[in-house]
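Down below is the structure, laid out as structure tokens.
Chains as they are written, first to last, in my numbering: chain A, 7 to 494; chain B, 24 to 234; chain C, 4 to 661; chain D, 746 to 1051.
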């Protein structure tokens, strides 16, 4: 099954690249998306295709946290691929361009699946690097001067980051000479035998390296550029899944520290960078002029919140996981919708967009709802995760941090709200209400994602709750329930 | 023997932080590649011949010959300005570089006291090389120096990975492979697009995206 | 309880029904659903109000909310009755008022109106921290969309954003409070918070303060009231009435709910609540006096009334603290009765201002005048509501203020000097507030409805749209009813009061009923005497000549209607007295020649809290954030340097700290 | 029966008292002055006349005097008459008292605004402005009395105020002075306002009623004098020593009320009307006195002053 996930999309991509047929393109894209979702579902349900050989099982495995991130990715990817259809038609891509796009996006997604499922730190690192390289192509897809600049900065910064992460791996192996393996299972099992100083050192390097990909301050700088210049579905994928998969990398390293009882150290770093991210997004929410960049800063903010959640230890982990899920869905919805706006108004400038609700009510209300989702208005679940993070502050006796937290959050809400309301409200530049009507593939994915969020926010299905709790338990210092290794 | 080679490697970084011609950077890069080759020859034992052959290929062929040659041709062909303009003057930059170099020795000393299967000097100097490369990246104004210094950063990491090469050869190989890949990638973008679209390759042309 | 929830669902469904309905039918469909909801909501509510007890329905949500209890107790029932009726009245009012908005997104208006009404009702019964916050935010967000309904207007957009941020900032305190409560009690259920809140100590005080600030923001307690005078004028009038009459009371509800859970509060909190409420009330009415925009004035007056309610709560708390059930009873009776009363007269006033606005298209009182002749019914009901809100006898405002006065007066007989001083403070402040309210509402009524129009109305104002009058008429009946038969309210409030003051002997309510009966008689005497004198006057004049002529005005009869006293000039002597507390900016424009042909003068007030608290705070925050504006400069090297510096710091930390 | 008689006497007396004041002023100025009963002649003359009503006005203008006089009458019923007590009494009746006066004021202000005259608007504006100070001070007066007596209704407060202990004279003097200021303010007398002129000198109350004529004007003037009488009765309540025979008490209190009005006349003769900008200071004097008396009572209660 893992083989399926890793190999099949690539095969699809190559086929569509070779076939140059629009139908094959669509089948390849949607088929891969469906494959991801189905695999995630089956793994969760414990259904197994034993007759399928799985050669890669040593290197890839669905553990409970990986499954969670994989499922999020699969759903986001499904949404993005449906939306891509409208992207194709709106930009009048020919079959050739479509197939290039599809090949690139499938390679990107496979790389992310590799990051999520890798059982080995070195392998994880390899795939993180692979995500950089594949996504760079996508960011440069529209081949504009500004997207070139964004791509260059993206690759350059992330390459340095990833090089530093490699230093982290080396230092870890220096500290864990007796283990002599970089498989996570070995590292977790023998975490206490790792020389603590080298462990901290390696955490520092790995954190800087992977954190660059996650996009937390102060190493977030590439993020607004890349997110704003990429085609909207790709931005969605970058923000909704790429950041998560790098975040998972940090979580996996964090688990080592937790098992080695060194989390006091890493928690401080996580909290520090988390708050720095909030600060940065608060600063820039107030002065950003481009709505896609605004969404990117919001990603910085949300990643910061996740880091804070993890940094709070046991009490905040569930919130961090919920935040991951909710952020991915709502940010995907936002970025996809921003694609509609971009197409309708032809500008990324906030001040040039007005009267969205009148010009294109569907897009307008989705835009509004997604905004409410991302800033944590109930019934959207970011609200619940924020609640639990505040609760964790109190539980940890760090209530004063809540002041800081809310200060930044309110500033971010103000900045973002100002922009979003400005865009949504008012009179549209053109005559006639509802004069623009996007294709159904341009808003259905968002509606589905938002509906899913509402369900999670009001009455979280047990399935989701269990998934989140297990993922949270995986990171927590409380001995995790035996990792349910499904999907052999 | 290895110690001398390592320190030599470190000194090359001091050299580049004081020179101002791009060719000198490229030549230093080649020199570093050769030094690394020597280190591989001297330092690595207990490895399969395949691994060793791979490392030799990497250091001697790629790092010492191919990349520098390629860079030199490109520089000459494109007639990019030969001078490297630093933000900080050469003198101060050398001063800071020396400071970082000393920090490398401190790190080596610290590593020796901390334990772990580490050859202290490998650790210290590679840290110093990495820091120095990052410092040079920050301090230089030409985009091509970003690539050059990135290669130096990779050399530093390669040096560090050599210290565990005996235990985890796979790791070294992966690192090397990816380095190559990234380097090629960066080159490709740089020479195909950036140089084409942004004439002059001054870093300031890449500041359109900001808030 | 199922009935109640059915009603809530109906309210919500009304909004959805309006989407489907045709443009003309939307308002009627919504009204239909809302009216139907009353049949489900009001019976259980009044059942509980009259007979006590509570209805409980556990709602089984999945984790992390868990089992959430929906509890309709008498406190909730009191607020629910107001909410439900308020929703109905606004739905009636919207039928006529929203006609002009046809084709401009009416569906969204009704959807959010339904959502707002339903969520307000849920706020009153939800007794689980997360569920409560969810419905609370739903209420805020739906009202936000209603405030921003006319978003083609720049001012409205600004007000909407302001409101939105104020609500987010307010809810931040609530989230913090609920998070603390649940962290300390280990449960999300309200009943478990009682253990934390009733344990006297720094945690319970911190909790109460957080709750008070959070709920106070919604209620409009100084200094967090600043959103109110912006949001209320921006919203369509039916919504302003609902917001001012009902929604801000949910803040009061929250404070009362927390109080109910805390049992006997800490004495510092009691004094704090009393003092902050007095400040709120005085501040609110002072600023109300200064306003020229009628809806803004009413908004500030809502702040005043929230302050009065708060004073009642403060007196009640003091009574509890000093174990004097009689004082506590009087305080809570005053507060709760004023909640109901304020709903009645403030709604009438807002609806009335809506009628005025719909006919004249201005809210600036300096352009109004003489409307009494065009809108006789509106004028009459507006007058009654103005008298009531000033707390003058014969109407209901008098009754609730009397109870608070009594509570404060009784506090003179309490033993503690602090309490006596506090009581005198409240006592004289309430009188001061009352007299300022008199100034304020003579101004509103006199300027808008009496005299002559200050500018010519383009269309002659009329009252042909009867649906606009129905809600006012219904409420006016209540205003007069409570005013004349006040003892009835004791029966309705009895159960709530017993919950707040468990040590109260039900017999102790009897004297209050007696007082109310006596008042009833006195008020009847007032009405009788008015009839007598007016009859006498008619009798005397029956054969005399009653001439009609221009206003005599000491013979100065050349005046145009522009020469009348305006709202600004009417308030000027008072504002001159309190210039430090209600700073005014006066812009004078005139040509710099000897005999200018044109000149203009405008005055604006500045909100003290905005000027001295929020502006500086935002300024400091902005300065602080500006310090970091170099981060995203577009320079790749800088970006790498951040990482480098970060890494070096980490390394030094690790290498340095062993 | 004696109570009813007293009540009737009180209802009749206000116009006489006003005449008394006028007479005092006239004598002080060395004139003979109008007869003391002149206000009665005026009153009945007005009742018998027709009216001129401004076309600008609405029904509010017409009903305002009736409401004003009715409210003042009920306020009188709440006021405790020395020895006899009040018709209507309940705990907190002083609130009713003050608010009934407020009701009268509200309607009179509306009546003034209804004429659309800027002059009357000005008077109305000042009337409400100054009442904010006076009403607050009045409640402080009541507060100190309530604190002193531990009673909460007018009747019982004044019934027991004279039974209180030895420090009460000081308190009483303070309160009497502040009530006297209130009387001057509410009755629109010098130095707050000048009731005798209708043009430049009058600035507050009288200017509001410029447009009234006939029975309405009669009502207005009667209500104004009744209001002053009521306040004078409160002063008498304070002064009347406890436990005196009924007749003595009646005569004594009537004398006190008359004295109050005489002193109004004396004050008017001695002082000129203040500048309008100084009136708030004068009225704040009442607040200050009331606060002082409250502080004195509190200090005594808690043993700070013995």
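Where is the CB? At the ideal position from N, CA and C, for every residue including glycine.
Keep in mind it's a predicted model, so treat the numbers as computed, not measured.
Start-to-end residues for the beta strand (DSSP E) that takes in residue i
i, result
"residue 601(C)", "No beta strand (DSSP E) contains residue 601(C), which DSSP labels as neither H nor E."
"residue 73(C)", "70 to 75"
"residue 216(B)", "Premise fails: residue 216(B) is in no beta strand (DSSP E) and is neither H nor E."
"residue 270(C)", "Here residue 270(C) belongs to no beta strand (DSSP E); instead the alpha helix (DSSP H) covers 270 to 293."
"residue 587(C)", "587 to 593"
"residue 632(C)", "It is not in any beta strand (DSSP E) - residue 632(C) carries neither H nor E in the DSSP assignment."
"residue 799(D)", "796 to 799"
"residue 552(C)", "549 to 552"
Range of the contiguous alpha helix (DSSP H) that encloses residue i
i, result
"residue 61(C)", "No alpha helix (DSSP H) contains residue 61(C), which is instead part of the beta strand (DSSP E) from 58 to 63."
"residue 235(C)", "231 to 237"
"residue 162(B)", "143 to 162"
"residue 256(C)", "251 to 265"
"residue 198(C)", "193 to 200"
Contact belief for residue i with residue j at Cβ below 8 Å, rounded distance in angstroms
i, j, result
"residue 285(C)", "residue 446(C)", "Wrong, their Cβ atoms sit about 17 Å apart, outside the cutoff."
"residue 382(C)", "residue 374(C)", "6 Å"
"residue 588(C)", "residue 563(C)", "Between residue 563(C) and residue 588(C) the Cβ distance is about 28 Å, and since that is not below 8 Å, they are no contact."
"residue 284(A)", "residue 395(A)", "Their Cβ separation, rounded to whole angstroms, is 11 Å, which puts residue 284(A) and residue 395(A) out of contact at 8 Å."
"residue 124(C)", "residue 86(C)", "5 Å"
Cβ-based neighbour list, residue i, same chain, cut-off 7 Å, excluding 5 preceding and 5 following
i, result
"residue 490(A)", "Unreliable positioning characterises residue 490(A) in this predicted model, as indicated by a pLDDT of 40, which lies under 50. A coordinate reading is not provided."
"residue 3(A)", "Outside the modelled stretch of chain A, which goes from 7 to 494, sits residue 3(A), for which no answer is possible."
"residue 179(A)", "188"
Contact list for residue i against chain B, beta-carbon separation under 8 Å
i, result
"residue 637(C)", "229, 230, 231, 232, 233"
Neighbourhood of residue i by C-beta distance below 6 Å, restricted to the same chain and skipping five residues each side
i, result
"residue 84(C)", "48"
"residue 388(A)", "332, 382"
"residue 493(A)", "Only weak support is given to the placement of residue 493(A): the predicted model assigns it a pLDDT of 35, under 50, and the value that follows is read from those uncertain coordinates. Counting only Cβ-Cβ distances below 6 Å, and skipping sequence neighbours, we find 7, 49, 68."
Under 9 Å by beta carbon: chain A residues contacting residue i
i, result
"residue 657(C)", "203, 206, 207, 209, 210, 271"
Contact list for residue i against chain A, beta-carbon separation under 8 Å
i, result
"residue 86(B)", "Per Cβ cutoff of 8 Å: no residues; residue 86(B) is ~15 Å from chain A at best."
Chain-ordered neighbours of residue i on chain D, where CB pairs are closer than 7 Å
i, result
"residue 533(C)", "811, 812, 815"
Neighbourhood of residue i by C-beta distance below 8 Å, restricted to the same chain and skipping five residues each side
i, result
"residue 487(A)", "With a pLDDT of only 44 at residue 487(A), under the threshold of 50, the placement of this residue in the model should not be trusted, and no figure is reported."
"residue 197(C)", "264, 265, 266"
Within chain C, the residues that residue i reaches when beta carbons sit closer than 8 Å
i, result
"residue 133(B)", "658"
Contact set between residue i and chain C, taken where Cβ atoms lie within less than 9 Å
i, result
"residue 844(D)", "393, 394, 395, 396, 401, 404, 405, 437"
"residue 226(B)", "638, 639, 640"
Chain A contact residues for residue i, given Cβ-Cβ distances below 7 Å
i, result
"residue 184(B)", "176"
Contacts of residue i in chain B (Cβ-Cβ under 9 Å)
i, result
"residue 114(A)", "Correct list: empty, because the minimum Cβ distance to chain B is about 14 Å."
"residue 186(A)", "190, 191"
"residue 647(C)", "154, 157, 158, 160, 161"
Amino acids of chain C, ordered along the chain, whose beta-carbon sits closer than 7 Å to that of residue i
i, result
"residue 227(A)", "635, 642, 645"
Going residue by residue through the region 125 to 184 of chain A, where are the continuous beta strand (DSSP E) segments of at least 3 residues, counting only ones entirely within it? List check, beta strand (DSSP E) in window: nothing returned.
What runs of the alpha helix (DSSP H), each 4 residues or longer, lie entirely inside the region 349 to 409 of chain C? 374 to 377, 379 to 392
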